[in-house]
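These notes are about the structure you will find just below.
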Amino acid sequence: MKQRNLRTDRSPAVNLNLNVRGMRPSATVAINEHSNALIAQGREVFKLGLGQSPFPVPDAVTKELQVNAFQKDYLPVKGLLVLRQAVADYHRRTQGTPFSADDVLIGPGSKELMFLLQLVYYGDLVIPAPAWVSYAPQARIIGRQVRFMSTRREDQWKLMPAQLEALCAPDPERPRIVILNYPSNPTGGTYSSAELKELAAVARKYRVILLSDEIYGELHHKGQHVSLARFYPEGTIVSAGLSKWCGAGGWRLGTFAFPHTLGWLRDAMAAVASETFTSTSAPIQYAAVRAFQGGLDIERYLVHSRRILKHLGRWCAKTLGEAGVQVAKPEGGFYLFPDFEPLRARLEARGIHSGAQLCLQMLDEVGVAMLPGEDFGRPAEELTARLAYVDFDGAKALFASTQVPLEEPLPDTFLDAQCYNCTEAIRRVASWLGE
Ligand code: GLU
Numbered sequence: 309m310k311q312r313n314l315r316t317d318r319s320p321a322v323n324l325n326l327n328v329r330g331m332r333p334s335a336t337v338a339i340n341e342h343s344n345a346l347i348a349q350g351r352e353v354f355k356l357g358l359g360q361s362p363f364p365v366p367d368a369v370t371k372e373l374q375v376n377a378f379q380k381d382y383l384p385v386k387g388l389l390v391l392r393q394a395v396a397d398y399h400r401r402t403q404g405t406p407f408s409a410d411d412v413l414i415g416p417g418s419k420e421l422m423f424l425l426q427l428v429y430y431g432d433l434v435i436p437a438p439a440w441v442s443y444a445p446q447a448r449i450i451g452r453q454v455r456f457m458s459t460r461r462e463d464q465w466k467l468m469p470a471q472l473e474a475l476c477a478p479d480p481e482r483p484r485i486v487i488l489n490y491p492s493n494p495t496g497g498t499y500s501s502a503e504l505k506e507l508a509a510v511a512r513k514y515r516v517i518l519l520s521d522e523i524y525g526e527l528h529h530k531g532q533h534v535s536l537a538r539f540y541p542e543g544t545i546v547s548a549g550l551s552k553w554c555g556a557g558g559w560r561l562g563t564f565a566f567p568h569t570l571g572w573l574r575d576a577m578a579a580v581a582s583e584t585f586t587s588t589s590a591p592i593q594y595a596a597v598r599a600f601q602g603g604l605d606i607e608r609y610l611v612h613s614r615r616i617l618k619h620l621g622r623w624c625a626k627t628l629g630e631a632g633v634q635v636a637k638p639e640g641g642f643y644l645f646p647d648f649e650p651l652r653a654r655l656e657a658r659g660i661h662s663g664a665q666l667c668l669q670m671l672d673e674v675g676v677a678m679l680p681g682e683d684f685g686r687p688a689e690e691l692t693a694r695l696a697y698v699d700f701d702g703a704k705a706l707f708a709s710t711q712v713p714l715e716e717p718l719p720d721t722f723l724d725a726q727c728y729n730c731t732e733a734i735r736r737v738a739s740w741l742g743e
């Protein structure tokens, strides 16, 4: 009798877990690979798609990695104790939040830690939209309910306390994780202390777990980031890492800091981690200690990084604004979330009716890669997009910034000299819109 082979006698897709059927690679990863493929074919592409820091890892941290290349043993699943202590000290030093080493969990990128959190916690995932591309897909993979809270451009795309109240009030006991990410990916906006206090009050009332994704905190353009954990210490998990402020996305190191009361969540995540990735790369953890310990050299690096990003972000927003696009002045990180709605008639005449069509045509005709608002949880027909103003040589730009005294503004020529791919990309978009 002929053997039945379940793997080959049906379409292979049938054997996929229902939650991942039809899933495609994450939009941020896909746009980067697509842009690189176009460049390999000889096309000119301005890479404003993937949000990768343009700056090099600070020298002292790279040196520490070199020195620790020999570290070959598996490390404790929750992370190297000296690193957990350095992360706790960092939070205490920068925000006054009283975490101890015991409260910290180290992982191979905060993305993985977010996934683990959703896996071990049984509750809905609540996300303001627009939000970073991977929060919702992670929840779907695990089979959690996702509740989007649509924010408004008039509110600078921020979550309003009344929205959170309206979501929680009808079912007050329901377990929920609310993710707040600021400075924001994708909008570049951030929350003031007063706004955070109001959100914290609602979160406390309904005992929601707030995952405060503060991975861009150190890139607040004025260096004035405020952590939500200051106002809701008992319910806030602070997510951070090396990827953005330390230029080390590819090193894959993320950190979670838990309130004492949520130690059971940290331990459950560590148990799953022990069955999956075992521990985070040893040399990277040793090097990360130096990054979180900080010091004058790192502070100097951050001051210049922020200065460049602030100058460039404002210029990009202003130039797009002059071309008729609605876009807020960024306050942190390296993203803008332009809304092309005021130009809808003109774009529709070119066959563009959605953010996705807009981004496709922009890549095709102008060579500028961006991602549509739809990837960030916005309606498909909305003409929004996210751009990452990171396509420049950060090492060269940092050096040039150190040559200009901090009391003086960066000269007008700075951006074209140091961040040409970004300024040229924005100019081309602006002139394409005007055609
Ligand atoms: N966070 C970055 C972005 O939004 C890239 C890394 C990622 O998505 O995994 O573009």
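391 is the number that this note's numbering gives to position 83 of the sequence shown; each next residue is one higher, with no gaps. Using N, Cα and C, we set each Cβ at its ideal position, and we do this for glycine too. This structure is a prediction, so every number in the text was calculated from the model and none was measured.
Taken from the Cβ of L358, at least one heavy atom of ligand 1 lies inside 6 Å. Each of F642, A625, T402 was checked against the Cα of A636, and the nearest Cα belongs to A625. Rounded to the nearest angstrom, the gap between the Cα atoms of M678 and A696 is 7 Å. Counting only the Cα atoms, T692 lies some 15 Å from R654. Ranked by Cα distance from Y430, the options V454, I414, D411 are led by V454. Note that the C-beta distance between L356 and D724 is not below 7 Å. For D647, there is no enclosing beta strand (DSSP E), as DSSP marks it with neither H nor E. F566 is positioned such that its CB atom lies closer than 7 Å to that of D411. Of F378, E352, E420, P364, the smallest CA-CA separation from A581 is found for E420.
In terms of Cα proximity to L358, the closest of H342, R608, K618 is H342.
Relative to ligand 1, T692 has its C-beta separated by 6 Å or more from all heavy atoms. Two segments are said to touch when three or more pairs of C-beta atoms, one from each, lie closer than 8 Å; by this definition the region 430-447 does not touch the region 579-599. Of the heavy atoms belonging to ligand 1, at least one sits nearer than 6 Å to the Cβ of N493. If one requires a minimum length of 4 residues, the alpha helix (DSSP H) runs lying completely within the region 338-384 are 367-375, in chain order. Contact between the region 545-565 and the region 655-671 is absent, with fewer than three C-beta pairs closer than 8 Å. Membership of I450 in the alpha helix (DSSP H) is indicated by the continuous run 443-450. F648 and G632 have their alpha carbons spaced roughly 8 Å apart. In this structure, T627 has its beta carbon at no less than 6 Å from each heavy atom of ligand 1. Annotated three-state conformation of P436 is strand, per DSSP. Counting the other Cβ atoms within 10 Å of the Cβ of W465 gives 16 or more, which makes it buried. Taking the Cβ atoms as the reference, V510 lies roughly 11 Å from G543, outside the contact range of under 8 Å. Pairing V353 with L346 gives a Cβ-Cβ distance under 7 Å.
Across the set R452, A348, P384, V375, the C-alpha of R452 shows the shortest separation from the C-alpha of L326. Ranked by how close their Cα comes to the Cα of P638, the residues H528, A733, V328 have H528 in first place.
Distance between L668 and P362, taken at the CA atoms: about 24 Å. Close CB contacts of R461 within its chain, under the 7 Å cut and outside five residues either way in sequence, are with Q634, D647 (chain order). In the DSSP assignment, R484 falls outside any alpha helix (DSSP H) and within the unbroken beta strand (DSSP E) covering 484-489.
In the three-state scheme derived from DSSP, where H, G and I count as helix and E and B as strand, T544 is classed as strand.
By the neighbour-count criterion, in which 16 or more other beta carbons inside 10 Å mark a residue as buried, V486 falls on the buried side.
The alpha-carbon separation between L488 and V676 amounts to approximately 29 Å.
In terms of Cβ geometry, G685 and P438 form a close pair [threshold 7 Å]. Between L644 and G496, the C-beta gap is smaller than 7 Å, which places the two residues in contact. Taken through DSSP and simplified to helix, strand or coil, H528 comes out as strand. By the CB criterion at 7 Å, P366 and Y728 fall outside the cutoff.
With fewer than 16 other beta carbons inside 10 angstroms of its own, A474 counts as exposed.
In the displayed model, I660 falls within coil according to three-state DSSP, outside both helix and strand.
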